[in-house]
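Worksheet: the structure to be examined is printed underneath.
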Amino acid sequence: PAEPESFYDAVGGMEAFDRLVHRFYQGVADDPVLRPLYPEEDLTAAEGRLRMFLVQYWGGPKTYSEQRGHPRLRMRHVPFVIGEAERDAWLRHMRDAVDSLALPAEQETRLWNYLVYAAHSLVNA
Ligand code: HEM
């Protein structure tokens, strides 16, 4: 029997996640609250990590875990001070990125609700 289509496939596969994360990092690059948190000068590698994570989470290739191991997102964010201002800035850029995909309402809501939940769970300050 055919496998049920993943959310990853339903929204457009790698191309959609590429666009989502690229748009998000364009926002981060100019953000005075968020940009200082990112340790690397070049955001390309960070963009790749977030993309791989989201792709895996939504049922696409498991490259994230092959390269990075268990996600342990809370632990991996401990080095960064994430208060409400950082969370809200992160979500503002992600909202803009989600909007840019122009997904059907049901998919958009599912993706957005997850991102809001995940961002709230990573506040550590
Ligand atoms: C990594 C900030 C929320 C997923 C990072 C990094 C920073 C950061 C500064 C290091 C960049 C790098 O070099 O990889 C924030 C802030 C958030 C937030 C301020 C606001 C709440 C999220 C959310 C997710 C997420 C909601 C998932 C849905 C990731 C992943 C990495 C990462 C997968 C790379 C982890 C690794 O493999 O090293 N984040 N983040 N972040 N973040 Fe976030």
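Residues in the sequence shown are numbered from 19 upward in steps of one, following my numbering. Where a beta carbon is used, it is the ideal one built from N, C-alpha and C, also for glycine.
- When DSSP states are grouped into helix, strand and coil, Arg37 belongs to the helix group.
- DSSP, reduced to helix, strand and coil, places Gly66 within a helical segment of the structure shown.
- The alpha-carbon of Leu121 is positioned some 31 Å away from that of Asn142.
- Contact annotation: Ala64 and Tyr56 have beta-carbon atoms nearer than 8 Å.
- Judged by the Cβ position, Pro57 qualifies as a neighbour of the ligand HEM at the 7 Å threshold, a heavy atom of the ligand being closer than this.
- Rounded to the nearest whole angstrom, the C-alpha separation of Phe42 and His111 is 5 Å.
- Around the beta carbon of Leu129, 16 or more other beta carbons lie within 10 angstroms, which makes this residue buried.
- At the C-beta level, Tyr132 and Val73 stay beyond 8 Å of one another.
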